[in-house]
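K.L.:
Before I ask anything, let me first share the structure, which is written out below as structure tokens.
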Amino acid sequence: QVQLVESGGGLVQPGGSLRLSCAASGSIFSISAMSWYRQAPGKARELVARITGGGSTNYRDSVKGRFTISRDNAKNTVYLQMNSLKPEDTAVYYCNQEYGRVYWGRGTQVTVSS
């Protein structure tokens, strides 16, 4: 059974940075696609960034140039480096693993506010 545990969220001022981490259990991490989603209050969950097992990445337009997704297969961990944060980035951020099935973490809150 895969378990995903996110960490690294918090309160940051506009223009600041945070790095989210997602630690995964199980043996399929290195061949799984890993994604970060977010959900703001009253809004649908949306894809933020995705990285395949081969390292290919894609991002939603609003975070391109500011966010970077990466993975460390030796640590079974995926990261989301978030720079130049804006108030509209405020949301609960969820880690997602895809390999046949889809697995979700419980999320970590990111609040961007002065």
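Quick note on the working numbering: the sequence shown kicks off at 1122 and runs consecutively.
Positions of the beta carbon are idealized from the N, C-alpha and C atoms, including for glycine.
Owing to the predicted nature of the structure, the values given are computational and were not obtained by experimental measurement.
Would you call the segment 1192-1206 and the segment 1138-1148 touching, i.e. three or more CB-CB distances under 8 Å?
P.N.:
yes
K.L.:
Is the separation between the beta-carbon of ILE1190 and that of ALA1170 shorter than 8 Å?
P.N.:
yes
K.L.:
Compare the beta carbon distance of SER1142 and THR1198 with 8 Å and say whether it is the shorter of the two.
P.N.:
yes
K.L.:
Can you tell me whether DSSP reads ILE1152 as helix, strand or coil?
P.N.:
helix
K.L.:
So TYR1214 and TRP1225 are in contact, right, with Cβ under 8 Å, and what is the actual spacing, rounded?
P.N.:
About 11 Å separates the two Cβ atoms, so there is no contact after all.
K.L.:
Threshold first: 3 residues or longer. Then list the beta strand (DSSP E) segments lying entirely within the segment 1152-1177, N to C.
P.N.:
1154-1160, 1167-1172
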